[in-house]
Amino acid sequence: MSVDEILDYDSAFEKYEPVLGFEVHVELNTKTKMFSSAPNAFGDDPNTNVNEVDLGLPGVLPVVNKAAVESSIKIGLALNCQIAETCRFARKNYFYPDTPKNFQTSQYDEPIAFDGHLDIELEDGEVFRVEIERAHMEEDAGKLTHMGGAAGRIQGADYSLVDYNRAGVPLVEIVTKPIVGAGKRAPELAKAYVAAVREIVKNLGVSDARMERGNVRCDANVSLKPIGQEKFGTRSETKNVNSLRAVEHAVRFEIQRHAAVLEAGEKVVQETRHWHEDTRTTTSGRPKSDADDYRYFPEPDLVPVVASREWVEELRATLPEPPAERRKRLKAAWAYSDLEFRDVVNAGVMDLIEETVAAGLKPAAARKWWMGEVVGRAKAAEVEPGELGITPAVLVEVAALVDGGKINNKMASQVLDGVLAGEGTPEEIVAARGLAVVSDDGPLLEAIDAALAAQPDVAEKIRGGKVQAIGAIVGGVMKATRGQADAGRVRELILEKLGVEG
Amino acid sequence: MNQEIIRSTAAQLAEKLAAKELSAVEVTQAHLDRIAEVDGEVNAFLHVNTQEALAVAGEVDAARAAGEGLHALAGVPIAVKDLIVTVGQPTTAASKILEGWHSPYDATVVKKLRAAKMPILGKTNLDEFAMGSSTEHSAYGPTRNPWDLDRIPGGSGGGSAAAVAAFEAPLALGTDTGGSIRQPASVTGSVGVKPTYGGVSRYGAIAMASSLDQIGPVSRNVLDSALLHEVIGGHDPFDSTSLQESWAGLADAARNGDVKGLKIGIIKELHGEGYQTGVENRFNESLELLKAAGAEIVEVSCPNFQYALGAYYLIMPSEVSSNLAKFDGVRFGLRVLPEEGPMTIERVMAATRAAGFGPEVKRRIILGTYALSAGYYDAYYGSAQKVRTLIQRDFEAAFAQADVLISPTAPTTAFKLGEKLNDPLAMYLNDVATIPANMAGVPGISIPGGLADEDGLPVGIQFLAPARQDKRLYRAAGALETLLEEKWGGPLLAQAPVLGSKALGGAK
Numbered sequence: 012m013s014v015d016e017i018l019d020y021d022s023a024f025e026k027y028e029p030v031l032g033f034e035v036h037v038e039l040n041t042k043t044k045m046f047s048s049a050p051n052a053f054g055d056d057p058n059t060n061v062n063e064v065d066l067g068l069p070g071v072l073p074v075v076n077k078a079a080v081e082s083s084i085k086i087g088l089a090l091n092c093q094i095a096e097t098c099r100f101a102r103k104n105y106f107y108p109d110t111p112k113n114f115q116t117s118q119y120d121e122p123i124a125f126d127g128h129l130d131i132e133l134e135d136g137e138v139f140r141v142e143i144e145r146a147h148m149e150e151d152a153g154k155l156t157h158m159g160g161a162a163g164r165i166q167g168a169d170y171s172l173v174d175y176n177r178a179g180v181p182l183v184e185i186v187t188k189p190i191v192g193a194g195k196r197a198p199e200l201a202k203a204y205v206a207a208v209r210e211i212v213k214n215l216g217v218s219d220a221r222m223e224r225g226n227v228r229c230d231a232n233v234s235l236k237p238i239g240q241e242k243f244g245t246r247s248e249t250k251n252v253n254s255l256r257a258v259e260h261a262v263r264f265e266i267q268r269h270a271a272v273l274e275a276g277e278k279v280v281q282e283t284r285h286w287h288e289d290t291r292t293t294t295s296g297r298p299k300s301d302a303d304d305y306r307y308f309p310e311p312d313l314v315p316v317v318a319s320r321e322w323v324e325e326l327r328a329t330l331p332e333p334p335a336e337r338r339k340r341l342k343a344a345w346a347y348s349d350l351e352f353r354d355v356v357n358a359g360v361m362d363l364i365e366e367t368v369a370a371g372l373k374p375a376a377a378r379k380w381w382m383g384e385v386v387g388r389a390k391a392a393e394v395e396p397g398e399l400g401i402t403p404a405v406l407v408e409v410a411a412l413v414d415g416g417k418i419n420n421k422m423a424s425q426v427l428d429g430v431l432a433g434e435g436t437p438e439e440i441v442a443a444r445g446l447a448v449v450s451d452d453g454p455l456l457e458a459i460d461a462a463l464a465a466q467p468d469v470a471e472k473i474r475g476g477k478v479q480a481i482g483a484i485v486g487g488v489m490k491a492t493r494g495q496a497d498a499g500r501v502r503e504l505i506l507e508k509l510g511v512e513g
Numbered sequence: 003m004n005q006e007i008i009r010s011t012a013a014q015l016a017e018k019l020a021a022k023e024l025s026a027v028e029v030t031q032a033h034l035d036r037i038a039e040v041d042g043e044v045n046a047f048l049h050v051n052t053q054e055a056l057a058v059a060g061e062v063d064a065a066r067a068a069g070e071g072l073h074a075l076a077g078v079p080i081a082v083k084d085l086i087v088t089v090g091q092p093t094t095a096a097s098k099i100l101e102g103w104h105s106p107y108d109a110t111v112v113k114k115l116r117a118a119k120m121p122i123l124g125k126t127n128l129d130e131f132a133m134g135s136s137t138e139h140s141a142y143g144p145t146r147n148p149w150d151l152d153r154i155p156g157g158s159g160g161g162s163a164a165a166v167a168a169f170e171a172p173l174a175l176g177t178d179t180g181g182s183i184r185q186p187a188s189v190t191g192s193v194g195v196k197p198t199y200g201g202v203s204r205y206g207a208i209a210m211a212s213s214l215d216q217i218g219p220v221s222r223n224v225l226d227s228a229l230l231h232e233v234i235g236g237h238d239p240f241d242s243t244s245l246q247e248s249w250a251g252l253a254d255a256a257r258n259g260d261v262k263g264l265k266i267g268i269i270k271e272l273h274g275e276g277y278q279t280g281v282e283n284r285f286n287e288s289l290e291l292l293k294a295a296g297a298e299i300v301e302v303s304c305p306n307f308q309y310a311l312g313a314y315y316l317i318m319p320s321e322v323s324s325n326l327a328k329f330d331g332v333r334f335g336l337r338v339l340p341e342e343g344p345m346t347i348e349r350v351m352a353a354t355r356a357a358g359f360g361p362e363v364k365r366r367i368i369l370g371t372y373a374l375s376a377g378y379y380d381a382y383y384g385s386a387q388k389v390r391t392l393i394q395r396d397f398e399a400a401f402a403q404a405d406v407l408i409s410p411t412a413p414t415t416a417f418k419l420g421e422k423l424n425d426p427l428a429m430y431l432n433d434v435a436t437i438p439a440n441m442a443g444v445p446g447i448s449i450p451g452g453l454a455d456e457d458g459l460p461v462g463i464q465f466l467a468p469a470r471q472d473k474r475l476y477r478a479a480g481a482l483e484t485l486l487e488e489k490w491g492g493p494l495l496a497q498a499p500v501l502g503s504k505a506l507g508g509a510k
């Protein structure tokens, strides 16, 4: 494996501008596969979610999964695409052992969705429009594991294992038109585009959208052309860049690599590239020419998919609010600052806060509870905040206990520990752990008398109007009650006792 | 007794079974005995399913004795073309590449046979993957024509046709892509039907050309085919190309065959030049009988039929090249390792396909791969699809003038084994009259039309009807069958030579 020369990133832009293009494959989360009744499920024992259709046994026929067509139409609509009134599947013929029929049933010249666009907002708020060429339906291939040999590749392997569980899983492939004009922000745009697509399909509920499981996979096309030139340069296609960060890095690396090749007076080879996360580099895959001959022809075993306008409009009416618009709306409604909102989004608690607000908490309080009490615990436990085990309902209940003066913030934290330890509801934990704030004024008044007596000089200052000195007396009372007193109430009682207006 | 059983029609057997004059075990055993007696000569069967067939027959007898409701054809045995997958028996498509392969699932039509409790006698021979017109392309030796064991029984479904013609089975299933049910029926003096495309589920029929393939009945008379057609027809959610049609009433149409006032169109392009004299004579004789019975005979022209064979030999191989890609030694069937050189997956696939496929299959895969190639697609596959549309329009125009169309089923009677084996084009020409129906998806039937004067071999008469009008086929063919059998004094197959002498070639 030769190491490619790369050019310093900024230098690359002195002469060249990048053109990008993306093919994003989205695995749909339908119950069954694209063309068979076998379960569409991840992580099961190899070759258990297969039937005769998925194995391509002699005599089998495909049947289109209606739910997958619905999901595809929804994706098309969310990408502002036209939806074809009728469209067909085609066979893409090539021999490879992960493809049981040795052809992939895909859409070729009749995609279900076409001519769309997506507005991508970059971090600083600049909006960049990405034109969508098409979104088409197809089936996933099985998974090959090459044993022995080097680098897990088929070349040189001793033998290969194949798992057909993934074969036939419904895919939607979203193809952009060439993206020109991103300039130095190309890597950032690449990441933001894939993130936006991922967010959209997740928001639609049509995909689990987990990149680490390959639910969303990106092939990134990069080419450079001299600044001002119309004609595009030769592109490379970096396959299976499967994290948002990797998309950004891969585009950046390819820009630098292409620039180095061009600067050396050589020609960029039209080929696929493999992405290596460990070195953050790409290496040469197989040559890819536009003349790759897959002998496409219309799939004769399937009838055309007809999407009546009524059906399309019915589906359009079910679409959720687009994520970008939703974010804008929530930020305004919650009156968060830019920074606060970004932290909430980055921490992955926006949806949770929305639920919590809906359950009755004020937005500021909801943010305080999620960011202050849950996010840190989730990080420590290495899970998503929503998966930790604290629900919006629990937080609403705990917040109500605090607001009602039953417990204080410190106790609230202990209550949440109890919830996570499975000790019951917040109310039950308060009772079981004996956490209730001392609210009977009798014991408090005794403690206040003792504290005032212990610090007569402070008592004198307060009487003299230096109310801010009250903290020392409150502190004494809290110490004497081992934190069980309601500090607010203690303050009130002290002022009352000393006959001072708070 | 056995002779009487095996010479009975399926309808007669059904009646006798229902009346408890015969038991299903007796009927099944009689056919198994017949297979044992003559199939050494005929080679219609690739696999005989003795145990299971008798077990099913036993179930039928028990159910009948217990007074349970049974399908009218329960206990009537049937043979299944070995292109259709069956649990419990091998399915080979007559190819080495599937030798010994057992399907883990049943074809939809097989499920329907099982639901009707029809004992399956076994799997019948065919040209490898149904590619051929003579059954000589079987990897397991040719089937022989019961009328003359030196002659071909037609193809690809020569095994099913020969099985019924040799009284080894009253019924069989075939598949028809360009005539593979009708042309064998024609040359063996039996009946074969290609239903409307989508009329019978293709799920479990190993695909040759998906847009042309259709499963259909094979029998010795029109009524039996109609009865079987009713069993196997109907929508199947596992086949998206299957129609939502109900096929009740086909048997009634066959029973009440009548051509009075029926407009029958002679297709100008499908007789005359290129057709054997004896074929032409029998065809004309049938026309006279139909006219005398009150049919109105008109002539129609289908000018684009002359391009049908050419277009067929582009579309069919194109689909073949893709459909047969799955036979690669990876998941099932034969696997051959390259004898020398590196052991890569491509080379294992290549070695497997080189060893597993016969020459006709390879010829069609190569043709189809070429026709679909970038740069050639429009000229070949694309043009062929346009011809297909033109053929459909020819049919529409013809059916505007006639209720059904009529032609000889094949241009010649059965030719000698080996005669056309090295001349693929001559072999392909056998299907010139049957291919248009597949290209347009319309139904067709072939029934015996008598014996050719020059060789004394059976001639087939084909009726074609508009899509979904299969009933018309049975009505017209049922009527002509009655007229002809009155003339002959019984079924044509009663005139077939007696088999079982073991003397190959001397049967005529």
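Residue numbers (my numbering), protein chains in the order written: chain A, 12 to 513; chain B, 3 to 510.
Glycine included, every Cβ here is placed at the ideal spot set by N, Cα and C.
Residue contact check for R297 of chain A against chain B: no CB pair falls below 8 Å. If you check the CB distance, S182 of chain B and G176 of chain B come in under 8 Å.
P79 of chain B carries a coil assignment under DSSP once its states are collapsed to helix, strand and coil. Residue pairing by DSSP places K250 of chain A opposite A:H285 in a beta bridge. Chain A places a beta carbon closer than 8 Å to that of M351 of chain B, counting this residue as a contact. Contact check for W149 of chain B against P460 of chain B passes: the beta carbons are separated by less than 8 Å. Around the beta carbon of N424 of chain B, fewer than 16 other beta carbons sit within 10 angstroms, so the residue counts as exposed.
Using a CB distance cut-off of 8 Å, E259 of chain A does not count as an interface residue toward chain B. For V87 of chain B, the C-beta contacts it makes with chain A under 7 Å involve P69, G70, in order along the chain. In the DSSP assignment, F397 of chain B falls outside any beta strand (DSSP E) and within the unbroken alpha helix (DSSP H) covering 385-403. Between R500 of chain A and V485 of chain A a beta carbon distance of about 10 Å is seen, past the 8 Å cut, so the two are scored as non-contacting.
For the region 106-136 of chain A, the set of residues with a beta-carbon nearer than 7 Å to any beta-carbon of chain B comprises F106, P108, P111, K112, N113, F114, in chain order. Beta-bridge analysis with DSSP links Q115 of chain A to A:K103. Annotation for I408 of chain B: the continuous beta strand (DSSP E) segment containing it runs 406-410. Listed as beta-bridge partners of T293 of chain A by DSSP are A:W286. Chain A places no beta carbon closer than 8 Å to that of G71 of chain B, leaving this residue out of the contacts. Not flagged as an interface residue toward chain A: D433 of chain B, since no C-beta distance is shorter than 8 Å. The three-state reading of DSSP puts L455 of chain A in helix, counting H, G and I together. In the DSSP annotation of this structure, the continuous segment of the beta strand (DSSP E) that includes T187 of chain A starts and ends at 181-187. Across the set A:K236, A:Y305, A:R297, the C-alpha of A:K236 shows the shortest separation from the C-alpha of A271 of chain A.
If you draw a 10 Å sphere on the C-beta of D63 of chain B, you find 16 or more other C-beta atoms in it, and that means buried. In the structure shown, V434 of chain B falls within a coil segment according to DSSP collapsed to helix, strand and coil.
Residue burial annotation: N45 of chain B is buried, with at least 16 other C-beta atoms found within 10 angstroms of its C-beta.
Sorting B:T279, B:G69, B:K113, B:V389 by C-alpha distance to the C-alpha of Y309 of chain B places B:V389 at the top.
Nearest CB-CB separation between R102 of chain A and chain B: below the 8 Å threshold. Taking C-beta atoms as the reference points, P111 of chain A and G167 of chain A fail to come closer than 8 Å.
Taking 8 Å as the upper bound on Cβ-Cβ separation, chain A lies near residues T371, L374, S375, A376, Y379 of the region 370-381 of chain B. Using a CB distance cut-off of 8 Å, V316 of chain A does not count as an interface residue toward chain B. With a 10 Å radius around the Cβ and a threshold of 16 neighbouring Cβ atoms, Q246 of chain B comes out exposed. In the DSSP annotation of this structure, the continuous segment of the beta strand (DSSP E) that includes T177 of chain B starts and ends at 173-177. The beta-bridge partner set that DSSP reports for E28 of chain A consists of A:K236.
Three or more beta-carbon pairs separated by less than 8 Å link the region 407-422 of chain B to the region 262-272 of chain B, which places the two stretches in contact.
In the DSSP assignment, T126 of chain B falls within the beta strand (DSSP E) that extends over 122-126. Taking the CA atoms as reference points, A295 of chain B sits about 45 Å from G60 of chain B. A direct Cα-to-Cα measurement between A400 of chain B and S25 of chain B gives close to 48 Å.
In this structure S288 of chain B is buried. Its beta-carbon is surrounded by 16 or more other beta-carbon atoms within 10 angstroms.
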